[in-house]
Every structure is written in structure tokens, then in C-alpha cells.
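Numbering (my numbering), first residue to last: 1 to 159.
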């Protein structure tokens, strides 16, 4: 179940890997987020906070990509076509087996902020980048061992 007050952008439910991305325009004072799962086996979650984003119509675009049940070693989400102005872009990837990330990399200008998961279970990685006006850069993740994966990318407008 998507956390209270959040807007669900992307949601992938698969046999090997599932993922979801949501956002909220916060007013401050939040101290916790609860995201409920129907099958909470070996789940990972990450909350990222940004200040200085637009306060209305903040979402520019969101896209997702999935390998389904096919094992792969790279996945690209995007590109988006930036509507107007500059944006903060957040990219994430979920993988069936965390250990298969091995050496994880992502295309510039993104930088990985977190990589987390279970030794023999699923894992996630989250990255972000500042995109100047008109930039349509997608996010390409690559990793060491072929595995099933799902990824999402969302761009959020700056004022």
C-alpha cells in the first residue's frame, strides 16, 4: 500500500523482482514513512528528501523499465523529455538478488546514493542528478552478474 499522502508513479509486480516509486510534497514534520507490502519477503526501501523543488506541479515525468523474467546486466530508464526548466532526476533499480549487483555503476551525471539489500535476496539502488533546462538524460545502470531487474526514473521541476 502506498504511504499516506504519497502519489504512486511506477509499480512493477513480478515473480522475481518487484518495485515501486512514489513521491510526496511534504510540509515538514514527517518523522516516518510506512509502505505496506502484500508479500514482504526480503524487501528494501529508501526515502530521499529534497528541498527547493517546485511546490505545485512538481512532477515533470516518470518512466520505468523491466527485464521481466529475463536475466540482464544493464537496464536503462528514460530518457525523459524535460518539459521546461531545470529538474532534479531520481533513478532507482530493484534487482532479484542483491549480491549480483557486484560492481554497480550508473551513467553520468547520476551518482548512486544508496545500495542496499539482502545477501541472498533482493536489493535496490537509488541515484539522483541535477538536470539543466532541456536535458533529457536517461539513467543507465549496469552490474556484475545477470539477474532480473526493474528500474524507474522521475524528474521533478525546480522553481
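Backbone N, C-alpha and C define an ideal beta-carbon position, used for all residues, glycine too.
Note that this is a predicted model, so its numbers are computed, not measured.
Do we get a CB-CB distance below 8 Å when we pair residue i with the residues of chain C?
i           : result
residue 137 : Looking for chain C here will not work: only one protein chain is present.
So what does DSSP say about residue i, is it helix, strand or coil?
i           : result
residue 100 : helix
residue 58  : coil
residue 142 : strand
residue 15  : coil
residue 71  : coil
residue 113 : strand
residue 126 : strand
Would residue i be called buried (16 or more neighbouring beta carbons within 10 Å of its own) or exposed?
i           : result
residue 8   : exposed
residue 153 : buried
residue 140 : buried
residue 10  : buried
residue 100 : buried
residue 69  : exposed
Opposite residue i in the DSSP bridges: which residues?
i           : result
residue 23  : 7
residue 156 : 59 and 88
May I ask you to verify whether the stretch 98-117 touches the stretch 23-36, counting CB pairs closer than 8 Å and requiring at least 3?
no
Would you check if the stretch 13-22 and the stretch 48-55 touch, i.e. whether three or more CB-CB distances between them fall below 8 Å?
The answer is no - the stretch 13-22 does not touch the stretch 48-55, with fewer than three Cβ pairs under 8 Å.
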